[in-house]
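Novice: I have a structure here, written as structure tokens, and I will follow up with some questions on it.
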Amino acid sequence: MAYLGEEEDSESSREFRSRALLAKLQEQVKARERQSVSDRADEDEDHQGDKEQKKRKREEPEMEGVQRKTEKGESERKTDLTDEVASLAKKKKKQKTLSTENENKESDNEKSVEITETKSTTFHILGGFEEKTVQKVKRVLPQWLAQPDVIQRDIKNNLIPISEVPGICPILLKKLQTNGIQNFFPVQAEVIPAILESVSSGLLLGPGGYRPRDICVSAPTGSGKTLAFVIPVVQALSMRVVRDVRALAVLPTKELAQQVSKVFSTYTEGTSLKVVMITGQKSFGAEQTALSEIRGGVSHSLGDIVVATPGRLVDHINKNSNFSLQHLRFLIIDEADRMIDGMHQSWLTQVTKAVYRSPADTQTSVFRRILPGPITVASLSPPQIPLQKLLFSATLTHNPEKLQLLDLHQPRLFTSTHSRTETSTQSQDAFNFPQGLAEYYVPCTLSKKPLIILHFLLRLKFSPALCFTNSREAAHRLYLLVKLFGGVEVAEFSSKLNPSERQKTLKDFEQGKIPLLISTDAAARGIDINGVKCVINYDAPQYIRTYIHRVGRTARAGKAGSAFTFLLEVQEKSFLQMVRDAGSPGIQRHFVKPEALRSMETRYEQTLAELGKVVKVKHKPT
Ligand SMILES: Nc1ncnc2c1ncn2[C@@H]1O[C@H](COP(=O)(O)OP(=O)(O)OP(=O)(O)O)[C@@H](O)[C@H]1O
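Following this line, the structure appears as structure tokens:
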């Protein structure tokens, strides 16, 4: 923008511009004075004086200015900085005049300027310092974000028999049935054919010889996104001849990687495809051994599909010379919004480098890969294995600047949040909530929170319940308190536990051995625990995405579930606003009467005293 150049101007040129601006504005003021004199003369001559005409006349000095300016020669205009500055001032003023919201206010301002001007003969008030209401900038999304493929949110009423979704091979259909899947959920029915279509010309070529489009999927928690990529990727890779890493799924945590790895293993079972997980759960050496072996002095991949966490993935790219991504065809980024936020780890740059790293012997090979640029005849010849990115999230950002970080190629978006985001004037993204979710907020005080949890579990039998706190310490304190109170089996889940303890805890909770699991946000995202009836936000989450993922641990796969958020009085307004802005269908008030808690109060007081002793013993210096 030319205007930005001003910052780089020299001191003298700036001074010159200021003087020119001052001169021009003075000239305008004089013109206005002349105009008001002629207006009065006009009024004497012509007594019609209807509102429209007066308004036009008020605008006339500006119009005249424009006319005068157009009469000037082109060369004169180029050199005349005064005009340039004045035209900027005029543009600003014109915007001001056009603003309907401020029309009255502005005319008042103009009047007051005129009054001051007539009173003062020694100086002019130039104006332009008053506060203006600027019209909100409307967000204009790129077409792929503004016009996505829409996915139905209602799972139950939009089930599609698996045999009706085109392109799925009989072996996979059989496996799906064996795993109890007769129907596809809407996201699967839409996304599976789209990914399969991109490999319709084989793994080496995109459709029509072009690079396939990247795919982004934004669908509610528990809507079945995992199978939406597992099925087409497994089917596409089953055509491969030589084993190499052709699919890489990146997830933010070990637990999620394990979960996805398990689904891949289920659907590759009985085929020659192998899944390898690299998350740091095993030693680096053990992962190296699982990834590749040396035969005849040459390294051979032992995995077709690698499921990884970003940190460990980067370690292997940098330190394991036998780990190659040069044949990578699919890069799956699950929990994509979280992975974008974690981009400071630069894992994607490292992956891209590893994919397009060309050792000397591949220079003449058909498998040579160069970082794709604009599509030209030359760039299409010789063809190279395309890398296709598949992004999944329940809270995928619609912020083009953030998505830009992923360097997507002609992306195609599948989403169930279409109507709201397109028309939304809010800066915040709106998301869709699972159909079967009932949201409640519970007004409470700090001291009553533990009692309400006990009331929910012991009296109302809200279990299995997953309860979230905002810190490890809070989770631990609440865990101790509930345990000491007695009457309900409870466990805690946080990064304090080692991976195998975490796994066991989740298993016990899923099997119903523990009706109440108190967790940090370690279990908020992606974790698929069957049968969670109720989510309790003991501490209200700070961010909407955290809320959506937490409450999404219930009401999964089209089932019903409830989410309760404990709110202190000071939190109510802003929290409810945040949830509404995010597109919640409605959060209801659930008030717990003080009488309902009274019978537990004596025992609760005793428990608090016991807890004090336990905590003291724990913190006693040894
Ligand atoms: N077609 C289907 N029929 C029956 N159950 C299904 C089907 N597809 C997925 N599921 C089950 O639905 C549950 C949720 O699926 P999944 O974990 O893939 O959801 P998600 O969309 O990835 O959720 P999140 O955003 O929370 O990670 C899983 O238990 C899965 O086994």
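Residue numbers are given in full-length UniProt numbering: position 18 of the sequence shown equals residue 18, and the series is strictly consecutive. Virtual Cβ for every residue (Gly too), placed ideally from N, Cα, C. The structure displayed is predicted, hence computed values, not measured ones.
What are the start and end residues of each continuous beta strand (DSSP E) run of 3 or more residues lying completely inside the segment 199 to 249, in chain order?
Specialist: 215 to 218
Novice: Measuring from the CB of Gln-505, is there a heavy atom of ligand 1 at a distance below 7 Å?
Specialist: The question names Gln, yet the displayed sequence has Thr at residue 505. No.
Novice: Give the DSSP-derived three-state secondary structure of Ser-163 in the structure shown.
Specialist: helix
Novice: Whole angstroms is fine: what's the gap from residue 633's alpha carbon to Gln-28's?
Specialist: Outside the shown range of the chain (1 to 622) lies residue 633, about which nothing can therefore be said.
Novice: I believe Asp-304 touches Val-245 by the beta-carbon criterion, under 8 Å. Please report the beta-carbon distance rounded to the nearest angstrom.
Specialist: 7 Å
Novice: In the DSSP assignment, find the beta strand (DSSP E) that holds Thr-415 and state where it starts and stops.
Specialist: Run containing Thr-415: 412 to 415, per the beta strand (DSSP E) assignment.
Novice: Starting from Ala-465 and walking both ways along the beta strand (DSSP E), at which residues does that stretch end?
Specialist: Segment 465 to 468, the beta strand (DSSP E) holding Ala-465.
Novice: Report the rounded CA-to-CA distance for Thr-425 versus Glu-130, giving the unit in angstroms.
Specialist: Because the pLDDT at Thr-425 is just 43, under 50, the model does not fix this residue reliably, and the value given afterwards should be weighed accordingly. For Thr-425 and Glu-130, the distance between alpha carbons rounds to 26 Å.
Novice: Where does Glu-15 sit, in a helix, a strand or coil, going by DSSP?
Specialist: helix
Novice: With H, G and I counted as helix, E and B as strand and the rest as coil, what does DSSP make of Met-339?
Specialist: helix
Novice: Going by the CB atoms, is the gap between Pro-594 and Lys-533 shorter than 8 Å?
Specialist: Not a contact, by the Cβ cut-off of 8 Å.
Novice: Straight-line CA distance for Asn-183 to Thr-554?
Specialist: Cα-Cα distance, rounded: 21 Å.
Novice: Can you say whether Asp-337 is buried or exposed, counting buried as having 16 or more other CB atoms within 10 angstroms of its CB?
Specialist: buried
Novice: Starting from the C-beta of Ser-292, find all residues in its chain whose C-beta is less than 7 Å away, skip the five residues before and the five after it, and write them out in chain order.
Specialist: Excluding sequence neighbours, Ser-292 sits near Ser-299, His-300, Ser-301, Leu-302, Asn-322, Phe-323.
Novice: Using only the alpha-carbon positions, how far apart do Gln-388 and Phe-591 sit?
Specialist: So the two alpha carbons sit approximately 50 Å from each other.
Novice: How about the segment 465 to 475 and the segment 514 to 522: do they share at least three Cβ pairs that are nearer than 8 Å?
Specialist: yes
Novice: Please determine whether the Cβ atom of Arg-336 lies at a distance below 7 Å from any heavy atom of ligand 1.
Specialist: One point to set straight first is that residue 336 is Ala, not Arg, in the sequence displayed. No; taking the cut-off as 7 Å, the Cβ of Ala-336 has no heavy atom of ligand 1 nearer than that.
Novice: For Glu-441, does the three-state DSSP call read helix, strand or coil?
Specialist: Going by the sequence as given, residue 441 is Tyr instead of Glu. In the three-state DSSP reduction, Tyr-441 falls in the strand class (E or B).
Novice: Could you tell me whether the segment 183 to 203 touches the segment 230 to 241, where touching means 3 or more Cβ pairs closer than 8 Å?
Specialist: Taking 8 Å as the limit for Cβ pairs, the verdict is that the segment 230 to 241 does touch the segment 183 to 203.
Novice: For a test of the three-state rule: what should DSSP assign to Met-578, helix, strand or coil?
Specialist: helix
Novice: Is the closest heavy atom of ligand 1 to the C-beta of Arg-472 under 7 Å?
Specialist: no
Novice: Look at Val-250 and Met-277 and say whether their C-beta atoms are less than 8 Å apart.
Specialist: Not in contact: Val-250 and Met-277 (Cβ atoms no closer than 8 Å).
Novice: Since Leu-568 contacts Cys-467 with CB under 8 Å, what's their CB separation in whole angstroms?
Specialist: That pair is no contact at about 17 Å.
Novice: Which same chain residues end up closer than 6 Å to Tyr-547 when comparing Cβ atoms and leaving out the 5 residues on each side of it in sequence?
Specialist: Excluding five sequence positions before and after Tyr-547, the CB atoms of its chain that fall closer than 6 Å to its own CB belong to Pro-541, given in chain order.
Novice: Flag Arg-556 as yes when its Cβ comes closer than 7 Å to any non-hydrogen atom of ligand 1, and as no otherwise.
Specialist: yes
Novice: Tell me the residue span of the alpha helix (DSSP H) that contains Asp-315.
Specialist: That run of the alpha helix (DSSP H) goes 310 to 319.
Novice: Taking C-alpha atoms, which residue in His-124, Gln-281, Val-579, Pro-220 lies nearest to Phe-392?
Specialist: Pro-220
Novice: Would Tyr-543 be called buried (16 or more neighbouring beta carbons within 10 Å of its own) or exposed?
Specialist: exposed
Novice: What's the gap between the Cα of Ser-599 and the Cα of Lys-448?
Specialist: 13 Å
Novice: Between which two residues does the alpha helix (DSSP H) carrying Ile-514 extend?
Specialist: Note, Ile-514: premise wrong, no alpha helix (DSSP H); not H, not E.
Novice: Would Ser-416 and Asn-399 qualify as a contact pair, given that the criterion is a beta-carbon distance under 8 Å?
Specialist: no
Novice: For a quick check, are the C-beta atoms of Lys-254 and Thr-271 less than 8 Å apart?
Specialist: no
Novice: Using three-state DSSP, classify Leu-158 as helix, strand or coil.
Specialist: Correcting the residue type first, residue 158 is Asn in the shown sequence and not Leu. Asn-158: helix per DSSP, three-state reduction.
Novice: What residue range is occupied by the uninterrupted beta strand (DSSP E) comprising Glu-492?
Specialist: 490 to 493
Novice: Going by CA-CA distance only, name the one from Phe-229, Ala-354, Leu-203, Gly-224 that's closest to Val-241.
Specialist: Among Phe-229, Ala-354, Leu-203, Gly-224, the Cα nearest to that of Val-241 belongs to Leu-203.
Novice: Apply the 10 Å Cβ neighbour rule to Gln-606 and answer buried if 16 or more other Cβ atoms are within range, or exposed otherwise.
Specialist: Around the beta carbon of Gln-606, fewer than 16 other beta carbons sit within 10 angstroms, so the residue counts as exposed.
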